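Residue numbers (the numbering used here), protein chains in the order written: chain A, 9 to 209; chain B, 9 to 209.
Just so it is clear, CB atoms sit at the ideal spot from N, CA and C, and this is done for glycine as well.
Keep in mind that this is a model prediction, so the values were computed, not measured.
A quick write-up on the structure given underneath.
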DNA sequence: AGAAGTGATGGGACTTGGTGCCATCACCGT
DNA sequence: ACGGTGATGGCACCAAGTCCCATCACTTCT
């Protein structure tokens, strides 16, 4: 308290700096990577971000959600599917969606960040549950978007499911490549591989 | 304490009656159906089963797990896939697995119970997360079982995923039928429908 | 029969996730 | 200078989950 008065205000005033949610997310990822998810308290996260416990829960529904940020993916994929040419087959529309994901989310700039995040998730069942649910939500969004294109119900579900599988496989390959390969290309290839595999079932 | 001595022993001695886990699971399903998952305390469940909180957590890892019992499904599906004739294509082996599930798990005797359980899950996101994770685990088991039959990696994943989708769809149809339809038949039909849909993608 | 052992249970203390409420603070417009 | 607004902090509180130890019913050995 007394030492605080001797130094420039901004050094200590994390309280009113902007981007509280982003600071919290970064602090969380750092701590999870350092000591693990279970050995990190919400209070720990808030403190590292220069905030309080209350503020954490004002920005995130729960402790897990801090790793899954603003779920902008659903809308992104749905819009990309809707924007696909009306002549495109279901899986081609899904390919458009994966392309959009590569352009907007899985950019080469965020590759390292995404990898760290994924490592944390892989190390904790609680986080895997949340991720599984988010994935279900993505599939539901894609299914809806396909239905609105006039795709029959069952076909829409199958296409969305195959798209999600291709996305998962693409992500695995993308995070293993050392070079700065483009996610969109990898995803397109993965989707073709998946489509080919459906034939040999 | 004093009143306990005045009445027959067995009336109050839930403590040493057998099947503690089963009693807990039944009590939990009842209470969840009555007041909802969130309005039910672990202590409530334990009390209705005539047990204590400690005992609950000795039988189940957490509050959610009480609805997902002994995960015997993984082994069942894996064994059924392994037992399928070596000439069977991947999806045919998966069909064998769904058949086994219909014979051992989704029996007409358990239809009502399964329906109540599913209604409770559908009403709560926390439980949906757990179910999503269990489903991932099932898919992983089936994928492994297929790989051990010599099925290539990607094909195994696709087949397992399509099988899981067929299973979900079959379950939806099965729980909607008023008659005592056989799950195995419905599942076989659902798998055929899914396979047909993959063609029109 | 009595003693010792075994396994399931009960219960309380404790940590943590999560909610609710209210006072406080910085900033903005009047 | 004044009041309004929105973000924050802190506290009290409940429930989930962990730990530890005493207790109890039942078994086995002496």
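Residues from the stretch 134-148 of chain B in contact with chain A, defined by Cβ distance under 7 Å:
136, 137, 138, 140, 141 and 144
Beta carbon proximity, residue 46 of chain A to chain B, threshold 7 Å:
To locate residue 46 of chain A, count along the first chain from 1; it is residue 38. Taking Cβ atoms only, chain B never reaches closer than 7 Å to residue 46 of chain A, which makes this a no.
Take the Cβ of residue 51 of chain A as the centre, count every other Cβ of all protein chains shown within 10 Å, and call the residue buried at 16 or more, exposed below.
Taking the first residue of the first chain as 1, we reach residue 51 of chain A at position 43. So residue 51 of chain A ends up on the exposed side.
Below 8 Å on C-beta distance, what does residue 169 of chain B contact in chain A?
To locate residue 169 of chain B, count along the second chain from 1; it is residue 161. The contacting residues are 169, 170 and 173.
Output the distance between the C-alpha atoms of residue 182 of chain B and residue 48 of chain A, rounded to the nearest integer angstrom.
Counting from 1 along the second chain, the entry for residue 182 of chain B is found at position 174. Counting from 1 along the first chain, the entry for residue 48 of chain A is found at position 40. Near 44 Å, if we compare the C-alpha coordinates of residue 48 of chain A and residue 182 of chain B.
Given that a residue counts as buried once 16 or more other Cβ atoms are within 10 Å of its Cβ, and exposed if not, what is residue 187 of chain B?
Walking along the second chain from the start, residue 187 of chain B turns up at place 179. Exposed: under 16 other Cβ atoms inside 10 Å.
Chain A residues whose Cβ lies nearer than 8 Å to that of residue 201 of chain B:
Taking the second chain and counting its residues from 1, the one referred to as residue 201 of chain B is at position 193. The answer, in chain order, is 162.
Please classify residue 137 of chain B as buried or exposed, where buried requires at least 16 neighbouring CB atoms within 10 angstroms.
Within the second chain, the letter at position 129 stands for residue 137 of chain B. Buried, because 16 or more other Cβ atoms sit within 10 Å of the Cβ of residue 137 of chain B.
Just the C-alpha distance for residue 223 of chain A and residue 26 of chain B, rounded to the nearest angstrom, thanks.
Within the shown structure, residues of chain A are numbered from 9 to 209, placing residue 223 of chain A beyond reach of any answer.
Between residue 99 of chain B and chain A, is the shortest Cβ-Cβ distance under 7 Å, so that the two count as touching?
The sequence position of residue 99 of chain B within the second chain is 91, counting from 1. Closer than 7 Å: yes.
Using a Cβ-Cβ distance under 7 Å, would residue 206 of chain A count as near chain B?
To locate residue 206 of chain A, count along the first chain from 1; it is residue 198. Yes, residue 206 of chain A counts as interfacial toward chain B.
In the stretch 43-77 of chain A, which residues sit with their C-beta less than 7 Å from some C-beta in chain B, listed in chain order?
none
Are the beta-carbon atoms belonging to residue 166 of chain A and residue 175 of chain B less than 7 Å from one another?
Position 158 of the first chain, counted from the start, is the residue given in the question as residue 166 of chain A. Position 167 of the second chain, counted from the start, is the residue given in the question as residue 175 of chain B. Their beta carbons are not under 7 Å apart, which means residue 166 of chain A does not touch residue 175 of chain B by this criterion.
Can you give the beta carbon distance from residue 153 of chain A to residue 90 of chain A, rounded, assuming they're within the 8 Å contact cut?
Locating residue 153 of chain A in the first chain gives position 145, where the first residue counts as 1. Locating residue 90 of chain A in the first chain gives position 82, where the first residue counts as 1. Right, their Cβ atoms sit about 6 Å apart.
From what residue to what residue does the alpha helix (DSSP H) around residue 46 of chain B run?
Here residue 46 of chain B refers to the residue found at position 38 of the second chain. From DSSP, residue 46 of chain B is part of no alpha helix (DSSP H); its letter is neither H nor E.
Closer than 7 Å, Cβ to Cβ, to anything on chain A: give me those residues from the stretch 187-199 of chain B, in chain order.
none
From the beta carbon of residue 128 of chain B, is the nearest beta carbon of chain A less than 7 Å away?
Start at 1 with the first residue of the second chain, and residue 128 of chain B comes out as number 120. No, no contact with chain A.
Using three-state DSSP, classify residue 170 of chain B as helix, strand or coil.
Taking the first residue of the second chain as 1, we reach residue 170 of chain B at position 162. In the structure shown, residue 170 of chain B sits in a helix (DSSP, three-state: H, G or I).
Close-in-space but distant-in-sequence residues of the same chain around residue 6 of chain A (CB under 6 Å, 5 per side omitted):
What the structure shows of chain A is the stretch from 9 to 209, and residue 6 of chain A is not part of that stretch, so it cannot be assessed.
With DSSP as the reference, label residue 26 of chain A as helix, strand or coil.
Mapped onto the first chain, residue 26 of chain A falls at position 18. Residue 26 of chain A falls in the coil class under three-state DSSP.
Can you find a CB in chain B that lies within less than 7 Å of the CB of residue 166 of chain A?
Against the first chain, residue 166 of chain A aligns to sequence position 158. Answer yes: the Cβ-Cβ gap between residue 166 of chain A and chain B drops below 7 Å somewhere.
The alpha helix (DSSP H) spanning residue 70 of chain A covers which residue range?
Stepping through the first chain from its first residue, residue 70 of chain A is reached at position 62. No alpha helix (DSSP H) contains residue 70 of chain A, which DSSP labels as neither H nor E.
How big is the Cα-Cα spacing for residue 32 of chain A and residue 57 of chain B?
Within the first chain, numbered from 1, the residue matching residue 32 of chain A stands at position 24. Within the second chain, numbered from 1, the residue matching residue 57 of chain B stands at position 49. Roughly 42 Å between the two C-alpha positions.
Can you check whether the CB of residue 143 of chain B is closer than 7 Å to the CB of residue 45 of chain B?
Residue 45 of chain B sits at position 37 when you count from the first residue of the second chain. Residue 143 of chain B sits at position 135 when you count from the first residue of the second chain. The answer is no: Cβ separation not under 7 Å.
Might you give, ordered along the chain, the residues of its own chain that have their beta carbon closer than 7 Å to the beta carbon of residue 126 of chain B, omitting 5 neighbours on each side?
The count along the second chain starts at 1 and reaches residue 126 of chain B at position 118. Excluding residues within five positions, the ones whose Cβ falls inside 7 Å are 183.
Consult DSSP for residue 151 of chain A and reduce its assignment to one of helix, strand or coil.
In the first chain, counting from the first residue as 1, residue 151 of chain A sits at position 143. It is helical.
Cα separation between residue 29 of chain B and residue 68 of chain B?
Taking the first residue of the second chain as position 1, residue 29 of chain B is located at position 21. Taking the first residue of the second chain as position 1, residue 68 of chain B is located at position 60. Distance between the alpha carbons of residue 29 of chain B and residue 68 of chain B is about 8 Å.
Spatial neighbours of residue 38 of chain B within its chain, please: CB distance less than 8 Å, with the 5 preceding and 5 following residues excluded, ordered by chain position.
As a first step, residue 38 of chain B must be located in the second chain, where it is residue number 30. Excluding positions up to five away in sequence, the list reads 56.
Exposure label - residue 192 of chain B; buried when at least 16 CB within 10 Å:
Position 184 of the second chain, counting from 1, holds the residue named residue 192 of chain B. That one is buried.
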